[in-house]
Amino acid sequence: MSYPNQNPITTSENTETCTALETVNNLVSKVESIGELVETMRKVEQADCPVVHTFNKGQYIRELQARAGVIIVGQKHRKEHLNIFLKGKIALLTHEGWRVMEAPQYFTGGATRKIAYVIEDMVWLNVHNTKLKDIDAI
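Each step along the sequence shown adds one to the number in the working numbering, with nothing skipped, and position 24 is 105.
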């Protein structure tokens, strides 16, 4: 999957961001799988990241808000869906390493799981085409 408007992290980035990403990267590198990372993350204090669920004529829209400094490990999506990055700046872990993304932008995502470090407060939407109303089933 390719993400528009993304740049690799460089040493010219904000020192605080690089230090935080180094910490996150150390955590990620010590686990064998994303599942193990999720279990490790569940053992630490959880950040308050408001989620708003909206259903509209064959669509489910999930809005996530997160403050700077938060690490996000998302759920694995089951189907292709639209990602709308409305506000903020994040470092997203891809198969090529950490990439900085700045809002606004949108792209189609597949059946993937995202891991991100929030650099600036963010708002992210996922839009799923579905008639289902059970969030766990989507």
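Quick reminder that beta carbons are idealized off the backbone N, C-alpha and C, glycines included.
Minimum C-alpha distance to residue i - residue among the options
i	options	result
Ile196	Pro185, Asp129, Asn137 and His176	His176
Pro131	Ala184, Trp179, Ala147 and Gly139	Ala147
Leu118	Ile152, Glu144 and Arg143	Ile152
Ala149	Gln127, Tyr198 and Thr121	Tyr198
Ile219	His134, Ile200, Ile171 and Arg123	His134
Asn207	Met122, Gln127 and Asn164	Asn164
Lys214	Trp179, Arg143, Arg123 and Met122	Arg143
Cross-strand partners of residue i (DSSP beta bridge)
i	result
Leu206	Glu144 and Ile165
Val199	Ile171
Close-in-space but distant-in-sequence residues of the same chain around residue i (CB under 8 Å, 5 per side omitted)
i	result
Glu161	Thr189, Gly190, Gly191 and Ala192
Lys212	Gly139
Run of the beta strand (DSSP E) containing residue i, from where it starts to where it stops
i	result
Gln186	Gln186 to Gly190
Glu183	Gly178 to Glu183
Ile219	That residue, Ile219, is in no beta strand (DSSP E); it is neither H nor E in DSSP.
Val154	Ile152 to Val154
Val132	Val132 to Asn137
Own chain partners of residue i with C-beta closer than 6 Å, once the 5 adjacent residues on each side are dropped
i	result
Val204	Gln146, Leu167 and Lys168
His209	Tyr141, His162 and Ile219
Asp129	none
Leu174	Ile196
Arg123	none
Own chain, CB closer than 7 Å to residue i, minus 5 neighbours either side, in chain order
i	result
Met82	Note that Met82 scores 44 on pLDDT, short of 50, meaning its location in the model is unreliable and no value can be drawn from it.
Glu201	Ala149, Gly169 and Lys170
Thr91	With a pLDDT of only 44 at Thr91, under 50, the local geometry of the prediction cannot be trusted, and no value is derived from it.
Quick one: any contact between the region 135 to 149 and the region 177 to 184, if contact means 3 or more CB pairs under 8 Å?
They do not touch, by the three-pair rule.
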